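Those protein sequence lines, which keep their order, are chains A and B. Under numbering that gives the first Met the number 0, the first residue of the first sequence is numbered 0, with each subsequent residue one higher. Under numbering that gives the first Met the number 0, the first residue of the second sequence is numbered 0, with each subsequent residue one higher. Each residue gets a CB set at the ideal place from its N, CA and C atoms; glycine is no exception. Keep in mind that this is a model prediction, so the values were computed, not measured. To start, the structure itself, in structure tokens.
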Amino acid sequence: MGTDGQSAARAMTPSEPGDGELLSAIAQGDRQAYATLYQRYASILLGLLIRIFRDRTEAEDMLQEAFVQIWKRAGDFDERRGRAIHWLATVARNRALDRLSTLRLRERLTARQPLDPLPEELRDPVDEASLAEDARHLRRALDQIPEAQRRVLLLAYFEGLSQSEIAERLGTPLGTVKSHARLGLARLRETLAPDHPVVRK
Amino acid sequence: MRTHDDYRQALGLHALGSLADAERMELESHLESCPPCLGELAELRETASGLVKLAKPVAPSPERFEKILRALDAESDTTVRRFPGALHSRRPFVWTARFAVAAVIAFLLVSEWQLLGRLDDALVQVERMRAIGAFVTSPGVTMVPLWGTDAARGAHAKLAYEHATGRYMLFSSHMPVPPKGGRYQLWVISDQVRPAGAFSLDSPDGTLRSLPRGDQPFVFGLSLEPEGTTEVAEPSAGMILMSGLVPEPR
Numbered sequence: 000m001g002t003d004g005q006s007a008a009r010a011m012t013p014s015e016p017g018d019g020e021l022l023s024a025i026a027q028g029d030r031q032a033y034a035t036l037y038q039r040y041a042s043i044l045l046g047l048l049i050r051i052f053r054d055r056t057e058a059e060d061m062l063q064e065a066f067v068q069i070w071k072r073a074g075d076f077d078e079r080r081g082r083a084i085h086w087l088a089t090v091a092r093n094r095a096l097d098r099l100s101t102l103r104l105r106e107r108l109t110a111r112q113p114l115d116p117l118p119e120e121l122r123d124p125v126d127e128a129s130l131a132e133d134a135r136h137l138r139r140a141l142d143q144i145p146e147a148q149r150r151v152l153l154l155a156y157f158e159g160l161s162q163s164e165i166a167e168r169l170g171t172p173l174g175t176v177k178s179h180a181r182l183g184l185a186r187l188r189e190t191l192a193p194d195h196p197v198v199r200k
Numbered sequence: 000m001r002t003h004d005d006y007r008q009a010l011g012l013h014a015l016g017s018l019a020d021a022e023r024m025e026l027e028s029h030l031e032s033c034p035p036c037l038g039e040l041a042e043l044r045e046t047a048s049g050l051v052k053l054a055k056p057v058a059p060s061p062e063r064f065e066k067i068l069r070a071l072d073a074e075s076d077t078t079v080r081r082f083p084g085a086l087h088s089r090r091p092f093v094w095t096a097r098f099a100v101a102a103v104i105a106f107l108l109v110s111e112w113q114l115l116g117r118l119d120d121a122l123v124q125v126e127r128m129r130a131i132g133a134f135v136t137s138p139g140v141t142m143v144p145l146w147g148t149d150a151a152r153g154a155h156a157k158l159a160y161e162h163a164t165g166r167y168m169l170f171s172s173h174m175p176v177p178p179k180g181g182r183y184q185l186w187v188i189s190d191q192v193r194p195a196g197a198f199s200l201d202s203p204d205g206t207l208r209s210l211p212r213g214d215q216p217f218v219f220g221l222s223l224e225p226e227g228t229t230e231v232a233e234p235s236a237g238m239i240l241m242s243g244l245v246p247e248p249r
């Protein structure tokens, strides 16, 4: 079994354990497996969290929270239901969205300035130079879906916006946001299929 | 009344985690009896979670992994020291229950004269945990996470409360210590800030008051109140923990 995510480009020896094996070992309390999983995926998860929080300190604290959760919940991972990086990202992102909700509410309650605007270098979620083949493949697939749908997916996933915040940001009715999210994901899935003529060229 | 198509339209936002709490809970109820929607949601979720690959990798600071290991150790210590008030969720409950069983086994290894007394203690603790487990997993109980504000960075907690009765238990970690004789106080914050109950870490449970009725959105806040107070009408300082918007009760 191979690794996935950004580390796909990294050479892996035949003896290196797969992600499912690592998570099984972690569920049994194996800290060496935990360290290996951390080395494999902490960077990509931190990249995701920095995109969401726009603040490195907050993102690193959340990375820590996420890895504590991963330690506790490793036994929940089921390889038949998806790839490990997707599960790890879901754990990290769910914690981040809870935290983000608290931060935004606190900003509203205390009428303080909103979070710092997104730094220019982080505005584009795609840094071509850093993309592994998997990510370039995903980028090409995203380019195939209508822009309105793509914007909804990126605002929801990378900025953690709620449905009403997305509707407000885009000046789009809520029903249209829902429709863009569903159709965008369905189209993306279809475009990522192994036999798709454009993306796999 | 929403139709099947209405629920289906919302699956994309649900997969992305952007659906409003009330609608999300309604959709989840629909999913329990709709295998086609459940199947589509699984596919959309898998696609959505793959977007992580677009994030630019950033190496964590070198000491971060050590901090994570220390956090794991601290949680284990907290669980033993403040047992059972340090439970955090249903899953840790299972983990902690296993720990308690391991502790019972460990007790069996000590010399015989210590055995009976310690076994009694362990059984009392296991029974207490069983009661807590029954409460947090009962159908009417909602589990709400709270996060440390700038006044208590690193603190976090989960509040399990039963909307119908107001009964609550708070499971916390890395909480700031109140001044001698002081207490923690819960608040319900909506268009106003209302006291909802006071407690200490030795007894992190009680009965909530002032829960809003209907669909009024609210959050929980937690403050530290000084010595000599039972419950105050207004917080004496800022909140040390706050939740996100509280979902409607199950």
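Rounded separation between residue i and residue j - CA only
| i | j | result |
| --- | --- | --- |
| residue 203 (chain A) | residue 17 (chain A) | A question about residue 203 (chain A) goes unanswered here, because the residues of chain A that appear run from 0 up to 200. |
| residue 83 (chain B) | residue 38 (chain B) | No answer about residue 83 (chain B) holds up, because its pLDDT of 38 lies below 50 and its placement is not dependable. |
| residue 28 (chain A) | residue 49 (chain A) | 29 Å |
| residue 30 (chain A) | residue 60 (chain A) | 20 Å |
| residue 140 (chain A) | residue 48 (chain B) | 15 Å |
| residue 7 (chain B) | residue 45 (chain B) | 17 Å |
| residue 101 (chain A) | residue 172 (chain B) | 18 Å |
| residue 22 (chain B) | residue 46 (chain A) | 30 Å |
| residue 126 (chain A) | residue 56 (chain B) | With a pLDDT of only 45 at residue 126 (chain A), under the threshold of 50, the placement of this residue in the model should not be trusted; the figure read from the coordinates follows. Cα to Cα, the separation comes out at about 10 Å. |
| residue 11 (chain B) | residue 177 (chain A) | 7 Å |
| residue 123 (chain B) | residue 129 (chain B) | 10 Å |
| residue 234 (chain B) | residue 43 (chain B) | 44 Å |
| residue 120 (chain B) | residue 99 (chain A) | 41 Å |
| residue 190 (chain A) | residue 175 (chain A) | 21 Å |
| residue 85 (chain A) | residue 33 (chain B) | 24 Å |
| residue 193 (chain B) | residue 133 (chain B) | 29 Å |
| residue 30 (chain B) | residue 231 (chain B) | 43 Å |
| residue 175 (chain B) | residue 151 (chain B) | 7 Å |
Any chain A beta carbon closer than 8 Å to residue i
| i | result |
| --- | --- |
| residue 135 (chain B) | no |
| residue 57 (chain B) | yes |
| residue 187 (chain B) | no |
| residue 8 (chain B) | yes |
| residue 127 (chain B) | no |
| residue 51 (chain B) | yes |
| residue 235 (chain B) | no |
| residue 45 (chain B) | yes |
| residue 18 (chain B) | yes |
| residue 246 (chain B) | no |
| residue 242 (chain B) | yes |
| residue 171 (chain B) | no |
| residue 60 (chain B) | yes |
| residue 144 (chain B) | yes |
Neighbourhood of residue i by C-beta, 6 Å cutoff - its chain only, sequence neighbours within 5 removed
| i | result |
| --- | --- |
| residue 206 (chain B) | 165, 166 |
| residue 179 (chain A) | 147, 148, 151 |
| residue 182 (chain B) | 197, 199, 224 |
| residue 171 (chain A) | none |
| residue 139 (chain B) | 161, 163 |
Spatial neighbours of residue i in its chain, beta-carbon cut-off 7 Å, leaving aside the 5 residues before and after
| i | result |
| --- | --- |
| residue 21 (chain A) | 32, 35, 36 |
| residue 210 (chain B) | 162, 165, 187 |
| residue 147 (chain B) | 153, 154, 155, 239, 240 |
| residue 96 (chain A) | 159 |
Neighbour flag for residue i against chain B, beta carbons, 8 Å
| i | result |
| --- | --- |
| residue 66 (chain A) | yes |
| residue 25 (chain A) | no |
| residue 144 (chain A) | no |
| residue 20 (chain A) | no |
| residue 78 (chain A) | no |
| residue 124 (chain A) | Because residue 124 (chain A) sits at a pLDDT of 47, beneath the cut-off of 50, its placement in the model cannot be relied upon, and the point is left open. |
| residue 112 (chain A) | Residue confidence for residue 112 (chain A) is low, a pLDDT of 42 falling below 50, so the modelled location carries little weight and cannot support an answer. |
| residue 171 (chain A) | no |
Boundaries (first-last residue) of the beta strand (DSSP E) holding residue i
| i | result |
| --- | --- |
| residue 164 (chain B) | Note, residue 164 (chain B): premise wrong, no beta strand (DSSP E); not H, not E. |
| residue 22 (chain B) | Element bounds for residue 22 (chain B): not the beta strand (DSSP E) but the alpha helix (DSSP H), 20 to 30. |
| residue 35 (chain B) | Here residue 35 (chain B) belongs to no beta strand (DSSP E); instead the alpha helix (DSSP H) covers 34 to 48. |
| residue 229 (chain B) | It is not in any beta strand (DSSP E) - residue 229 (chain B) carries neither H nor E in the DSSP assignment. |
Proximal chain E residues relative to residue i, where beta-carbon distance stays under 7 Å
| i | result |
| --- | --- |
| residue 193 (chain B) | The displayed structure is made up of protein chains A and B, and chain E is not among them. |
Endpoints, the alpha helix (DSSP H) within which residue i is located
| i | result |
| --- | --- |
| residue 197 (chain B) | Counting along the chain, residue 197 (chain B) falls outside any alpha helix (DSSP H), though it belongs to the beta strand (DSSP E) covering 192 to 198. |
| residue 4 (chain B) | 3 to 8 |
| residue 35 (chain A) | 30 to 52 |
Residue i: contacting residues in chain B (beta-carbon distance under 8 Å)
| i | result |
| --- | --- |
| residue 73 (chain A) | Within chain B, no residue comes near residue 73 (chain A); the closest Cβ sits about 10 Å away, beyond 8 Å. |
| residue 134 (chain A) | 52, 53 |
Cross-chain neighbours of residue i in chain A, by beta carbon under 7 Å
| i | result |
| --- | --- |
| residue 67 (chain B) | 63, 66, 67 |
| residue 154 (chain B) | Per Cβ cutoff of 7 Å: no residues; residue 154 (chain B) is ~12 Å from chain A at best. |
Chain B residues whose Cβ lies nearer than 7 Å to that of residue i
| i | result |
| --- | --- |
| residue 46 (chain A) | 54, 55, 56, 57 |
| residue 188 (chain A) | 42, 46 |
| residue 36 (chain A) | Ordered by position in chain B, no residue passes the 7 Å Cβ test against residue 36 (chain A), which lies about 11 Å from the chain. |
| residue 50 (chain A) | 54 |
Contacts of residue i in chain A (Cβ-Cβ under 8 Å)
| i | result |
| --- | --- |
| residue 63 (chain B) | 41, 59, 62, 63 |
| residue 12 (chain B) | 155, 162, 176, 177, 180, 181 |
| residue 71 (chain B) | 67, 70 |
Close beta carbons around residue i, own chain, < 8 Å, minus the five adjacent residues each side
| i | result |
| --- | --- |
| residue 19 (chain A) | 0, 76, 78, 83 |
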